[in-house]
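Just so you know, we're using my numbering here: the sequence shown kicks off at 778 and counts up by one.
C-beta atoms are modelled at their ideal positions from N, C-alpha and C, and glycine is treated no differently.
For reference, the structure is listed below as structure tokens.
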Amino acid sequence: VGNLTSYSAYKCVDNFLNKLIKKKIIKKKHKLNYYITRIKGEGFKNRTINNEEKLIEYLKKKKFKIISFENKTVVEQMEIMYNSNIVLGVWGANLTNCIFKKRGGTLIELYPDETQKNADFYAYIAEQRKINFFRLNCKQNSNSELLIDMHNLKKILNKV
């Protein structure tokens with residue numbers, strides 16, 4: 778299996794995080810739930826959510842903090858993930874930061890049904906980091922925007 782990484786690689790990540798915490802570069806904080814939105818642009822249209830405002834409205838009621846990594850430093854991204862409980866976001870580089878999550882947290886990936894790739898990267902990372910992982914497969918409209926099945930999302934959130 779080519780996507781698996783050795784335990785020692787993650788041990789190295791943990792040691793690095795511990796050094797950053799010890800030097801107070803990364804601060805331990807109260808665990809929060811995050812929705813990682815993406816700044817709208819021309820690229821990766823299949824990573825855009827149709828009617829995202831409705832999703833954000835619902836998540837805010839559930840005490841999720843809405844963030845974008847595009848305007849954050851690498852250290853800020855690491856600190857957010859380290860101090861996260863539930864992280865929800867569209868598949869892509871934003872979710873790669875889950876390698877900085879602590880064990881026992883939850884990662885929910887919004888994944889386009891029409892994608893032809895077997896992209897289980899985040900499932901593999903979550904498994905090795907002992908993070909709860911859920912994938913919500915999303916249909917797409919004619920503009921390739923993801924259509925969130927709110928019923929299934931609510932079922933996942935109720936599980937965690």
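Please list the terminal residues of the continuous beta strand (DSSP E) segment that includes residue i.
i       : result
Val-852 : Run containing Val-852: none in the beta strand (DSSP E); it sits in the alpha helix (DSSP H), 851-859.
Glu-886 : 883-889
Arg-815 : Careful: Arg-815 lies outside any beta strand (DSSP E) and carries neither H nor E.
Ile-843 : 841-845
Lys-916 : 909-917
Report, in whole angstroms, the separation of the C-beta atoms of residue i and residue j, which I expect to be a contact under 8 Å.
i       : j       : result
Val-790 : Ile-857 : Not quite, the Cβ-Cβ distance comes to about 15 Å (not below 8 Å), so this is no contact.
Tyr-859 : Ile-802 : Not really, about 11 Å apart at Cβ, beyond 8 Å.
Leu-934 : Lys-839 : 7 Å
Asp-897 : Gln-917 : That belief does not hold up - the Cβ atoms of Asp-897 and Gln-917 are roughly 19 Å apart, past 8 Å.
For residue i, tell me which candidate among the options has the shortest Cα-Cα distance.
i        : options                               : result
Gln-854  : His-928, Glu-886, Asn-871 and Tyr-835 : Asn-871
Glu-847  : Ser-861, Glu-834 and Asn-874          : Asn-874
Gly-869  : Arg-912, Val-852, Leu-930 and Lys-806 : Arg-912
Leu-836  : Lys-879, Leu-797, Ile-885 and Phe-793 : Ile-885
Thr-883  : His-807, Arg-906, Ser-785 and Lys-831 : Arg-906
Leu-797  : Val-852, Ser-845, Pro-889 and Lys-931 : Val-852
Lys-806  : Lys-936, Ser-919 and Lys-878          : Lys-878
Ile-816  : Lys-849, Ala-900 and Lys-800          : Lys-849
Lys-1021 : Leu-832, Lys-800 and Lys-799          : Residue 1021 is absent from the structure shown; the chain starts at 778 and stops at 937.
Just reading off the alpha helix (DSSP H) that residue i is part of, what are its end residues?
i       : result
Ile-876 : Element bounds for Ile-876: n/a, residue is neither H nor E.
Ile-833 : 829-838
Asn-848 : Segment: none, Asn-848 is in no alpha helix (DSSP H) and carries neither H nor E.
Glu-904 : 898-906
Asn-929 : 927-936
Within 10 angstroms of the Cβ of residue i, are there 16 or more other Cβ atoms? Answer buried if so, exposed if not.
i       : result
Gly-881 : exposed
Ala-903 : buried
Lys-788 : exposed
Ser-919 : exposed
Lys-785 : The residue you asked about is not Lys; residue 785 is Ser in the sequence shown. Result: exposed.
Ser-861 : buried
Would the segment 804-819 and the segment 859-876 be scored as touching if the rule is three or more Cβ pairs under 8 Å? These segments touch.
Is there contact between the segment 824-836 and the segment 923-931, where contact requires at least three CB pairs shorter than 8 Å? The segment 824-836 and the segment 923-931 touch, with no fewer than 3 CB-CB distances between them shorter than 8 Å.
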